[in-house]
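What the sequence shown shows, in numbering that gives the first Met the number 0, is residues 0 to 797, in sequence order.
Below is one structure; the comments refer to it alone.
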Amino acid sequence: MREKRDFFLKLANFITRNAYYIIAIVLVFTVIFGFFSTKLKVNSDLLKILPQDSEVVVELLEEQSFLEGSDIMVTAFFINDSVQPSQIAETFHDLMLNEPTFLSFVQTDLSFLFSYGIINLSQTDLIYTMYENLQSFGSLLSTNFTYNFELFEKLDSFLEDIYGLENILQTDGNNDLISSYYTLSPDGKVMIMGLTFNKPSSDLDYVNYIVPKVDSILTEIEKTFNIKTGLTNSYVTEYESNRTVMEDFRLTTTLSIIFITILFAFAFGNFTSTIIVLLGLIVSTLLTMGLITLTFGELNIVTSFVMAITLGLGIAYGIHVMTRFSKEIEDIGDFTTALASTYKGLLLPLFFGMITTVIVFLTLFFMGLPAFNELAIVSSMGLLVFFIIMIFFVPTLIYALKVNIKISPFTVKIDNAFKKFPHFISKNSKMIFIIAIPTVSILSVLGLINYTNFSYTPPGLISSNSESVKVGEQILDHFGNISFDTLQYLMRVDEDIETVKKELLDTGVVESVNSLPDIIQENLGEFSKIKTQLEGLSQVINNPIMISVLKKYNLYSDSLKLIDAAARSSDLYHFTLNIMDIFPEDLRGNFLIEKNGQKYLILEVTPKFSLWSNNGIKIFFDALGEKGENILGLPKATYKIMEMIRQRFYIPLFLSFISIWVITAIVRKNVVQPSEAMFSLIISVLATFGVSYLIGIRATFVTVLTFPLIFGIGIDGFLHLYHTFSNNKINFWNILKSITFSLSTTALSFLSFQFSRGELLKEFSLTMSMSLGFTWLFTAVMFIVNREMLRKFWKRKK
0 MREKRDFFLK
10 LANFITRNAY
20 YIIAIVLVFT
30 VIFGFFSTKL
40 KVNSDLLKIL
50 PQDSEVVVEL
60 LEEQSFLEGS
70 DIMVTAFFIN
80 DSVQPSQIAE
90 TFHDLMLNEP
100 TFLSFVQTDL
110 SFLFSYGIIN
120 LSQTDLIYTM
130 YENLQSFGSL
140 LSTNFTYNFE
150 LFEKLDSFLE
160 DIYGLENILQ
170 TDGNNDLISS
180 YYTLSPDGKV
190 MIMGLTFNKP
200 SSDLDYVNYI
210 VPKVDSILTE
220 IEKTFNIKTG
230 LTNSYVTEYE
240 SNRTVMEDFR
250 LTTTLSIIFI
260 TILFAFAFGN
270 FTSTIIVLLG
280 LIVSTLLTMG
290 LITLTFGELN
300 IVTSFVMAIT
310 LGLGIAYGIH
320 VMTRFSKEIE
330 DIGDFTTALA
340 STYKGLLLPL
350 FFGMITTVIV
360 FLTLFFMGLP
370 AFNELAIVSS
380 MGLLVFFIIM
390 IFFVPTLIYA
400 LKVNIKISPF
410 TVKIDNAFKK
420 FPHFISKNSK
430 MIFIIAIPTV
440 SILSVLGLIN
450 YTNFSYTPPG
460 LISSNSESVK
470 VGEQILDHFG
480 NISFDTLQYL
490 MRVDEDIETV
500 KKELLDTGVV
510 ESVNSLPDII
520 QENLGEFSKI
530 KTQLEGLSQV
540 INNPIMISVL
550 KKYNLYSDSL
560 KLIDAAARSS
570 DLYHFTLNIM
580 DIFPEDLRGN
590 FLIEKNGQKY
600 LILEVTPKFS
610 LWSNNGIKIF
620 FDALGEKGEN
630 ILGLPKATYK
640 IMEMIRQRFY
650 IPLFLSFISI
660 WVITAIVRKN
670 VVQPSEAMFS
680 LIISVLATFG
690 VSYLIGIRAT
700 FVTVLTFPLI
710 FGIGIDGFLH
720 LYHTFSNNKI
730 NFWNILKSIT
740 FSLSTTALSF
750 LSFQFSRGEL
760 LKEFSLTMSM
770 SLGFTWLFTA
780 VMFIVNREML
790 RKFWKRKK
């Protein structure tokens with residue numbers, strides 16, 4: 000026992016004797032790592048959760064290569080009567096052509112995809128005339144080939160007909176090309192245009208380049224035409240998400256430091272010591288952010304709130320030390336002896352508390368997902384940095400600056416309140432027990448329901464007031480139900496299209512299924528009638544002599560090939576497949592792709608509901624079952640990512656529970672205490688999820704992190720309680736004060752996210768803050784209530 004006391008005294012002596020050297024070394028490292036911290040970025044890409052060589056990511060990238068340009072940026076033009084939509088569209092078209100990464104405009108009327116004139120094959124009058132002239136020309140050609148003026152007349156008529164057909168088939172498409180790039184709302188007040196690019200919206204570096212570029216072009220259009228414009232859809236939401244996460248990270252980190260400092264000043268009423276603790280927070284934050292930059296270079300969607308975690312947990316070490324040290328220095332008077340006594344009472348509990356929290360984070364490695372691995376590493380590094388700075392550097396500053404830790408009158412009042420607190424709880428233990436136990440039990444049941452109904456559609460990283468959301472809402476107001484976000488479904492070309500469509504509609508989650516044959520039929524009418532009219536013309540066109548004449552005059556065009564394809568197709572579906580060879584490659588890719596040696600026709604599937612809210616992704620893909628594998632793009636990838644997280648999250652949950660229970664049992668040499676602590680922490684989180692369920696917050700891949708985090712945070716309080724309750728009940732009120740302010744500062748760190756713009760971070764912060772409140776209930780209140788109820792029970796029993 001004496002050797003243990005000597006160790007803490009030697010440690011205190013070492014700190015006081017080398018205070019200035021320690022400060023100098025820490026400041027040098029702070030400057031170095033602080034520089035690197037300014038380079039830290041945040042990447043909000045959801046795919047970063049997975050290994051980049053995982054099947055889900057590889058499959059998505061492959062699908063994006065098939066559907067090059069499937070990501071769409073939607074531009075909205077809020078026009079007035081003084082401008083023509085075609086003028087705006089043409090100006091925007093010309094400006095966008097100067098951007099080398101621009102791919103194409105989305106042709107908003109799908110009929111204009113048929114720029115080769117499919118929709119005008121119903122011009123039967125000209126076709127009949129052509130047919131008659133060609134038959135006459137063919138007959139004359141077979142019997143006469145010299146000096147027959149009738150032959151030349153028929154040839155001339157035939158060529159005129161060909162030119163006429165070309166004009167009909169192609170003129171409309173050329174003249175109306177610009178008009179096919181925009182759509183006007185029914186009230187004529189909003190015009191929208193869709194843009195595609197040669198890089199996907201998942202490429203954040205490109206997104207951060209192209210969105211400001213298009214925005215600058217729109218600014219030029221606003222000045223030219225005196226109108227307002229806006230952007231929305233995939234590229235813009237990715238851009239806003241990434242910017243929002245980065246700005247929220249900076250804002251919440253700053254606010255966390257401010258809130259913690261204010262609460263610390265409130266608790267201790269000493270301006271100088273508060274400034275020193277603030278310096279400790281800043282030093283710890285800069286060191287941690289510098290380490291993260293050097294280790295990973297950037298934060299991901301999961302680690303973006305790591306500073307709130309480390310600030311909230313790290314300040315707890317400072318609060319425990321300052322609370323105990325202020326008491327010891329008041330009683331003893333000598334700095335070194337008081338510091339040694341503080342270390343003796345707190346160093347081991349704080350160390351084991353830190354270790355258990357680190358172990359909780361390290362269990363995230365067993366999920367096998369890079370984003371959670373990074374969270375484990377950066378959180379552990381942050382906790383270690385904060386532990387060292389708060390335990391050793393802050394006392395060094397106090398000693399070097401000769402700060403007089405004097406307790407203010409207000410702090411005395413707070414201390415007196417906490418001295419009375421255990422007696423108040425004991426006196427009202429029965430009433431508290433009767434109210435608290437049924438309440439948390441009901442909330443825990445609701446919380447279990449919430450947790451088991453894991454949501455695959457967490458709220459967005461951007462605010463509901465962001466530009467893209469507002470523009471999207473305005474478009475809906477003027478257009479009604481319009482969407483660029485229909486899903487692509489792959490159907491093998493040898494499958495029966497009507498059967499596939501019926502199977503999809505029978506799932507109950509699909510509103511409509513559209514295909515190229517549907518669009519052709521909508522524009523052409525009954526295909527069988529068109530086919531009858533074209534068969535004779537096709538025979539004449541395919542005459543070898545006719546082909547040579549047409550090619551000589553460069554008139555054997557794709558338009559005539561379409562006529563031939565229609566004539567030799569048995570039905571509309573086969574016609575669709577036959578014309579694919581005529582389409583240019585970029586147009587063909589919108590309807591037909593080849594994958595693993597198999598050809599697939601692309602169907603457009605429209606869900607009955609939004610996939611990105613109310614767990615729509617899970618409901619949709621669960622209903623599709625195996626057919627969901629044929630859906631292309633991000634929704635399917637998101638479904639698989641969320642399903643993977645849901646399945647794998649049970650591993651760290653179980654491991655963190657077991658590891659903390661075992662460590663606590665070893666430290667306390669007791670199995671009852673860790674069982675009580677872990678049961679209390681589980682109930683705390685479940686009760687929180689119960690409250691969340693009532694206010695509409697669902698369990699998501701972010702909010703479920705509350706479980707291991709509360710395990711790591713809450714066990715600290717229980718370790719302090721058990722240690723103090725066993726060894727020094729006189730200071731029990733003091734540890735209650737430390738726990739209360741420690742949990743309060745942690746809660747304030749998370750509550751700082753309520754000032755962020757991202758709804759996802761707001762929900763997580765609220766969940767964590769409520770969990771910390773329930774944790775305080777079980778550590779500071781129910782801990783006393785349970786012992787008082789047991790004491791009364793055994794007293795009655797005796």
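No residue lacks a Cβ here, since even glycine has one placed at the ideal position from N, Cα and C.
Task: CA-to-CA distance, ILE300 to SER43, given in whole angstroms - done: Their backbone Cα atoms lie some 5 Å apart in a straight line.
Task: Option in ILE712, LYS188 and LYS426 with minimal Cα separation from ASN785 - done: Closest by alpha carbon: LYS426.
Open item on the list: Give me, in chain order, the residues of the same chain whose beta-carbon lies closer than 7 Å to that of THR292; leave out the 5 immediate sequence neighbours on both sides.
Closed with: So the list reads PHE35, SER36, LYS38 and LEU39, once near-sequence residues are dropped.
Task: THR74 in three-state terms, based on DSSP - done: Three-state DSSP puts THR74 in a strand.
- [ ] With a 10 Å radius around its C-beta and 16 neighbouring C-beta atoms as the bar for buried, classify PRO606 as buried or exposed.
- [x] Classification of PRO606: buried, given that the 10 Å Cβ count is 16 or more.
Task: Segment contact flag, the segment 271-288 with the segment 699-715, C-beta cutoff 8 Å, min 3 pairs - done: The segment 271-288 vs the segment 699-715: no contact.
- [ ] Report yes or no: do three or more beta-carbon pairs, one from the segment 763-777 and one from the segment 683-690, lie closer than 8 Å?
- [x] Counting C-beta pairs with one atom in each stretch, the segment 763-777 and the segment 683-690 have three or more that are closer than 8 Å, which means they touch.
Open item on the list: Suppose the cutoff is 7 Å on Cβ atoms and the five residues either side in sequence are ignored; what does the same chain contact list for LEU286 look like?
Closed with: Here LEU286 has PHE28, THR29, PHE32 and VAL384 as same chain residues with Cβ atoms under 7 Å from its own Cβ, once five neighbours each way along the sequence are excluded.
Open item on the list: Quick check on this structure: which residue in PHE391, THR663, VAL508 and MET306 has the alpha carbon closest to the alpha carbon of ILE22?
Closed with: The option with the nearest alpha carbon to ILE22 is PHE391.
Task: C-beta atoms of THR745 and LEU230 nearer than 8 Å - done: No. Outside cutoff.
Open item on the list: By the DSSP assignment, the beta strand (DSSP E) with GLY193 in it spans what residues?
Closed with: Taken as a continuous stretch (DSSP letters only), the beta strand (DSSP E) holding GLY193 covers 189-196.
Open item on the list: Count Cβ pairs between the segment 249-269 and the segment 313-320 that sit closer than 8 Å; are there 3 or more?
Closed with: Using a C-beta cut-off of 8 Å, the segment 249-269 makes contact with the segment 313-320, since at least three inter-stretch Cβ pairs fall below that distance.
Task: Outcome for GLY332 when other beta-carbon atoms lying within 10 angstroms are tallied against a minimum of 16 - done: Residue environment: GLY332 is assigned as exposed (fewer than 16 neighbouring CB atoms within 10 Å of its CB, all protein chains considered).
Task: Span of the beta strand (DSSP E) around GLN646 - done: Boundaries for GLN646: no beta strand (DSSP E) harbours it, while the alpha helix (DSSP H) harbouring it runs 633-647, taken from the DSSP string.
Task: Pair within 8 Å by beta-carbon distance, LYS212 and GLU89 - done: Not in contact: LYS212 and GLU89 (Cβ atoms no closer than 8 Å).
Task: THR195 to SER511 span [Cα, whole Å] - done: Straight-line Cα distance between these residues: approximately 24 Å.
- [ ] Report yes or no: do the segment 429-437 and the segment 662-681 share at least 3 C-beta pairs separated by less than 8 Å?
- [x] As far as the Cβ criterion goes, the segment 429-437 does not touch the segment 662-681, which means the pair count is below three.
Open item on the list: Checking 8 Å against the spacing of the C-beta atoms, do THR456 and ILE616 come in under that value?
Closed with: The answer is yes: Cβ separation under 8 Å.
- [ ] Might you give, ordered along the chain, the residues of its own chain that have their beta carbon closer than 6 Å to the beta carbon of GLU327, omitting 5 neighbours on each side?
- [x] Correct list, in chain order: ALA337, SER340 and THR341.
Open item on the list: Using 8 Å for Cβ pairs, my map puts PRO421 next to LEU8. What's the rounded Cβ distance?
Closed with: PRO421 to LEU8, Cβ: 31 Å. No contact.
Task: With 16 other Cβ atoms within 10 Å as the buried cut-off, status of GLY296 - done: Sixteen is the threshold: since fewer than 16 other Cβ atoms of the shown chains lie within 10 Å of the Cβ of GLY296, the residue is exposed.
- [ ] Would you be able to state if there are at least three C-beta pairs under 8 Å between the segment 470-478 and the segment 706-719?
- [x] Flag = no, the segment 706-719 and the segment 470-478 do not touch.
Task: Proximity of PHE364 and SER378 at Cβ, strictly below 8 Å - done: In this structure, SER378 does not lie closer than 8 Å to PHE364 by Cβ.
- [ ] Taking only the alpha-carbon atoms, compute the straight-line gap between MET389 and THR74 and give it to the nearest angstrom.
- [x] One C-alpha to the other measures close to 52 Å.
- [ ] Name the residue from GLY352, SER283 and ARG323 whose alpha carbon lies nearest to the alpha carbon of ALA307.
- [x] Ranking GLY352, SER283 and ARG323 by CA distance to the CA of ALA307 puts SER283 first.
Open item on the list: Quick test of your reading: LEU400 and TYR692, contact by CB under 8 Å. State the CB separation rounded to the nearest angstrom.
Closed with: Wrong, their Cβ atoms sit about 50 Å apart, outside the cutoff.
Task: DSSP-derived helix/strand/coil call for GLY279 - done: Helix.
Task: Exposure label - VAL411; buried when at least 16 CB within 10 Å - done: Exposed, since its Cβ has fewer than 16 Cβ neighbours within 10 Å.
Open item on the list: Considering just the uninterrupted stretch of the alpha helix (DSSP H) at LEU735, what are its terminal residues?
Closed with: Bounds of the alpha helix (DSSP H) holding LEU735 are 731-750.
Task: Which of helix, strand or coil DSSP assigns to VAL82 - done: Coil, per DSSP.
Task: As assigned by DSSP and simplified to three states, the class of LYS796 - done: Residue state, collapsed to three classes: helix.
Open item on the list: Given a cut-off of 8 Å on the beta-carbon distance, is the pair VAL492 and LEU576 in contact?
Closed with: The answer is yes: Cβ separation under 8 Å.
- [ ] Ignore the nearest five residues each way along the sequence and tell me which others in ILE644's own chain have a CB closer than 6 Å to its CB.
- [x] The answer, listed in chain order, is PHE700.
Open item on the list: Quick check on DSSP: helix, strand or coil for PHE574?
Closed with: Helix at PHE574.
- [ ] State the DSSP-derived secondary structure class of ARG756, mapped to helix, strand or coil.
- [x] In this structure, ARG756 counts as coil in the three-state DSSP scheme.
- [ ] Reducing DSSP to helix, strand and coil, say where LYS607 ends up.
- [x] It is coil, neither helix nor strand.
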